[in-house]
Each structure stands twice: as C-alpha cells, then as structure tokens.
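I have placed the structure first, in the form of structure tokens, so that the comments after it can refer back to it.
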Amino acid sequence: MSDKILMKGNEAIAEAAIIAGCRHYFGYPITPQTEIAAYMAKKMPKIGGTFLQAESEIAAINMVYGVASAGKRVMTSSSSPGVSLKGEGLSYLAGSDLPSLIVNVQRGGPGLGGIQPSQSDYFQSTRGGGHGDYHMIVLAPASVQEMAELTVKGFELADTYRMTSMILADGTMGQMMEPVNLDLDVKPAHEKPWATTGTQMAREHNIVNSLSLVPEELEELNFKRYDRYKVIEENETMFEEYKVEDADIVLAAFGIAARVSKNAVDEARKMGIKAGLIRPITLWPFPKAPFKAAAEHAKAFISVELNMGQMIEDVILATESKCPVTLCNRAGGMIPDPKQVLNSIIEVNGGMK
Amino acid sequence: MAAKNMLFSGFGGQGILFAGKFIAYKGLIEDKQVSWLPSYGPEMRGGTASCSVIVSDTPVGSPIVSNPDILIAMNLPSLDRFEDAVVPGGMIIADSTLIERKVKRDDVTVFYVPATQMASDNKLGNLANMIIVGKLLKEIGDYTEDGLNAALDKVISARHADMKEVNLKAIKLGAEY
C-alpha cells in the first residue's frame, strides 16, 4: 500500500491531468475547486507548462479554445456559477469539434448560491451547457481514485471523439482526502492532423471555426456530430452495479449520493429488504441498459440526488415507465443522510405490499 | 474493527484538520481503508473547524460522519454541537482546559484531557491537538511507536522536519495522561 498517498479530490484531478500530458491550464478561483488552480500554479512552471489565472471564466474558456485548436491537451476548472459563464465557450468548442477537459466541482445554486456540495448542474451538463445541438461526455467520479482515473479517461475520450469531456464532481469529492494510486494507465496521444500548428508551407491551411452560414452545410455538420454521439453511446457508457441482480428496490445515484446510497443499501439488506444501486459513471451517455434490465425484476426505483430531481428524468426514460420512480433528495448544499435514504427505501418497499 | 467513524472539532488554528490527517495517514500505512473530509467555507475563519475521519477494514461508503463513534472536542461549541450525535457506547475526548462543563451523556465513555494547559506547561506551543491524538490512540489500543513515526513522516513536510520530535513528545504526553 506504500504506493498510495492521501490526496484531496481536487489535487488528484490536477496531478492526473499532468500525468495525462496536459501542460496548459487556465482558470479563475472559485470555491470549492480552488485547489486545482493552486496545484497547477505550483506544478506547471516546474515542468515547462502554462498556468494562467485568467481575468475571468470567459477568458479562461477561450484560452482553452486557443490551445485546443493547436492540438494540445488543455483544461479549465470551475464551480457552478463559473461554469455558467463558460457556457458560450463550451458551445463554441462543440461547434468547432475541439477536444478539451472541463471540471465542474458543483456547489448549491441557482445564482451565486452557496459553496456547499451540490449536484444541481446535472441538466446543464448532460444537455450540453450552452446553446445549440451538442453534447459533452460527462464523467461522474465517486472517489478520489476515480477523480484521477476519469481525468485521464476524459482527455482520451475528448481526443478520440474531438469533443469536450466534463468531470462533474461536487464539493465533497473535491475536498475529501482518500488514498489514491497515481500509477495511471495513459494511452499514447492521438495524431491531430486538423490542428492549426503552422503549415510550414507544406500543406493546406487547417481551419478551426464554428461559423457556417450555409444551412445545408451546417445541417450536415450536425448530422455527422450526432453520428459520432451514437458511436459514443454504444461504446463508452460506464456504470457500476451494486447488489442489483435480485433487487426489488433499485437506487440510482452518482458521485457522493452514490456513496451515501451504498450505506443505505447495506442497511436495507440487513433488514431483509432487497435493495441495490446502479451508479452511472458516465452521465452522458446515460447508461440506459442496466436500468432497462433492472426494470424487469425491480418493483421500484429511487433516484437519490443533491438537487430537486434532475437525473430522475433519465431514470424514468431508461426504465421505460415499467416501474414507479421516486425521488430522495436534499438541495442547496445539503447532503442526504444514509438514514434518509434508508427511510425512503423502507417507505417505497412498504407501499408495495 | 469494522469501522471507526471519528469527528474532530475545535477552533480554526487548533490543528484539527492536521490531527485528522495524521490519524487517516496512520490508517493508510496500516493497510486500512480511510477517508478524511473537512468542513469548508467561511466557518473555518476563526469559527469552528471540523473534519470527518473514517478508518475501516472494508471500503468506506459515505465519507460524512454525522454520528461519530469517537468525538474529539477541542472547544465548548464543538461539544455543544456534536455531543448528542455520538453513538451510544461511543467515546468523547474533550480538551478540559477549554471546556469547563462535563459531558451530559451517561451512555458514552468520556476522557477529559487538559491538553491546552499541558501543551503550555511543556513548552509544546500549539500541540494540544497531538496530545489529544496520543490519548485517542492509547484508548483505542492503537498506540505503537513505529506507527507514529511512519505517519508523522507523511504529514510533516521536509521543510518542517524539526517539528517531528515535539509532535512525538506531545503524542506521548497524551498517551500517558
């Protein structure tokens, strides 16, 4: 175990990004993700990388656009209100088919909200975040180890599919320390023949742009992008199942809510209630298959969320309305207690007799 | 030991987070599953600082400790706030220099350690936190000199290596109290 060290989730993301070959970080401080910027500020100058505290979140995301155009791995990080500011840039990155990694360590909202943990940017993240038809790959870590591993994965997926990957964490995941093994598996980087790296007078100009004024051509671009999304939905969905095989009550939860739910599942099992948990790791693409399969034997689903009920809509869609789906939630920076989740399980279980 | 859920609480500046980190690292070195979660936000500036620490033989579920097996209370507001949350049969260790009242519960084991006074008497500066840690390790039967050394090496940066000896002294004082 000596190869494991204790690290905050935010620091694990920063170190994993460096391990993945990211040498360009642009950010603007906001709680509860500031440790990412602090870590980058310390490390990047020592390894020949760029750390830049931009004048605003909007500036930072546009710097990301610039580096991504040049074909280098690049990232920015923020928390909920800051990510809203980046919305325009996220849409432009999508429109230009540029790979990048965005980290959102969520806090309670809307507006400036609070600084305590939340999952209330689920809609914003899984539906794109800015204007136009597009998706981001949305990864939801539930441990510090996953904060590191999914950061590497996020860069790889972004490069493979030429799009933005988002790490959707929350204040708890960012602030907590857990043992982490940083011996991460990093695949060789992709060639990026489309990047604007200078022609050396030896090739045609590469153009990176999101403007397309001919509707027929813009439609074609959208169709092609969605063909790519279909491949991602088929190949890149990730989830974890916990005691789902024989479960009557199936919980759906990601990130910190999944950790709390696991405790509740164990307690329910001790009481003789067959509970289980499906934890989506990719929120987009949403893992529909395990939900559809579980709906064949489950009596009910409970979506456990740190918001007013956002992922529940995807759970209802994925289970094709075969079972009732109820919500167990806290909002505004509060976290459900395992007891609250357990009570929810007991209530739903009793209500079916 | 299935799991020990611990809550460390006191004023910002008392080394609450450091004490928790030390216990977490000690668990990690001993091949346990651990988590450390600080309270964060404006309350840390001069107000209450606290952290949840879980040391377990099995993977840690929720890292949030709302009902601790062990409460470390280093000031009165911490005891007032968390006393009722301790599980029946649990343990409370209180810094009795700063907490003048007694624990009201009669279903928990309580240790009163005048840690702040002891630190001052022994010229240990602000190491009341580590005196309490010593008492904690002793009472949960986890006090071994080897373990202490290895964990201190992890939490004390090379720049402050000279602090190791006084930390050891503080832990020993607490264990022997």
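First to last, the protein sequences are chains A and B.
Each residue of the first sequence is one higher than the one before, starting from 7 at the first, in the working numbering.
Each residue of the second sequence is one higher than the one before, starting from 1089 at the first, in the working numbering.
All C-beta atoms, glycine included, are put in the ideal place defined by N, C-alpha and C.
Bear in mind that the values here come from a model prediction, so they are computed numbers and not experimental data.
query: C-beta contact flag for residue 313/A and residue 97/A at 8 Å; result: no
query: Contact between the segment 286-293 of chain A and the segment 228-244 of chain A (3+ Cβ pairs under 8 Å); result: yes
query: Rounded separation between residue 16/A and residue 221/A - CA only; result: 42 Å
query: The alpha helix (DSSP H) enclosing residue 72/A, as first and last residue numbers; result: 63-75
query: Where the beta strand (DSSP E) through residue 311/A begins and ends; result: 306-311
query: Alpha helix (DSSP H) segment containing residue 143/A, residue limits; result: Unbroken run through residue 143/A is the beta strand (DSSP E), 143-145; no alpha helix (DSSP H).
query: Integer Cβ distance of residue 202/A from residue 65/A, believed to fall under 8 Å; result: Not quite, the Cβ-Cβ distance comes to about 20 Å (not below 8 Å), so this is no contact.
query: Status (buried if at least 16 other CB within 10 Å, exposed otherwise) for residue 207/A; result: exposed
query: Boundaries of the alpha helix (DSSP H) in which residue 178/A is found, first to last residue; result: 177-181
query: 6 Å CB neighbourhood of residue 358/A in its chain, flanking five on each side removed; result: Any reading at residue 358/A must be qualified, since the residue scores a pLDDT of 49, below 50, and its modelled position is unreliable; the value itself is stated next. So the qualifying residues of the chain are 305.
query: Continuous alpha helix (DSSP H) stretch holding residue 224/A: start and end; result: 221-241
query: C-beta contact flag for residue 338/A and residue 88/A at 8 Å; result: no
query: Whole-angstrom distance between residue 1139/B and residue 340/A, CA atom to CA atom; result: 16 Å
query: Cutoff 8 Å: residue 7/A Cβ touching any chain B Cβ; result: Note that residue 7/A scores a pLDDT of 39, beneath 50, so its modelled location is shaky; the value from the coordinates is reported in the next line. For residue 7/A, the answer is yes, since a Cβ of chain B falls inside 8 Å of its Cβ.
query: Cross-chain neighbours of residue 344/A in chain B, by beta carbon under 8 Å; result: 1149 and 1150
query: Cβ distance (whole Å) where residue 157/A is taken to contact residue 107/A below 8 Å; result: 7 Å
query: Three CB pairs or more closer than 8 Å across the segment 140-160 of chain A and the segment 253-262 of chain A; result: yes
query: Option in 1126/B, 1115/B and 1120/B with minimal Cα separation from residue 38/A; result: 1126/B
query: CA-to-CA distance, residue 212/A to residue 218/A, given in whole angstroms; result: 15 Å
query: Range of the contiguous beta strand (DSSP E) that encloses residue 1091/B; result: 1091-1099
query: Residue 1122/B at chain A interface by Cβ criterion, 8 Å; result: yes
query: Minimum Cβ-Cβ distance from residue 1128/B to chain A less than 8 Å; result: yes
query: Test item: CB-CB of residue 1208/B and residue 269/A under 8 Å; result: no
query: Chain B residues whose Cβ lies nearer than 7 Å to that of residue 4/A; result: Missing from the structure shown is residue 4/A; chain A here goes from 7 to 359 and no further.
query: Neighbouring residues, chain A, relative to residue 1112/B (Cβ below 7 Å); result: 12 and 183
query: Contact list for the segment 1233-1265 of chain B against chain A, Cβ threshold 7 Å; result: none
query: Environment of residue 1123/B [buried if 16+ CB atoms lie within 10 Å]; result: buried
query: Residue-level contact to chain B via CB, residue 178/A, 8 Å cutoff; result: yes
query: Residues of its chain near residue 351/A, where Cβ-Cβ distance is below 7 Å and the 5 sequence neighbours each way are ignored; result: 255, 270, 274, 279, 281 and 308
query: Residue range of the unbroken alpha helix (DSSP H) whose run includes residue 1168/B; result: 1164-1170
query: C-beta atoms of residue 1217/B and residue 1153/B nearer than 8 Å; result: no
query: Within-8 Å CB hit, residue 130/A to chain B; result: no
query: Endpoints, the beta strand (DSSP E) within which residue 111/A is located; result: 106-112
query: Selection from 52/A, 172/A, 153/A and 162/A that minimises the alpha carbon distance to residue 128/A; result: 172/A
query: Inter-residue Cα distance where the pair is residue 177/A and residue 1112/B; result: 20 Å
query: Contact residues within the segment 116-146 of chain A, judged by C-beta distance below 9 Å to chain B; result: 120, 121 and 122
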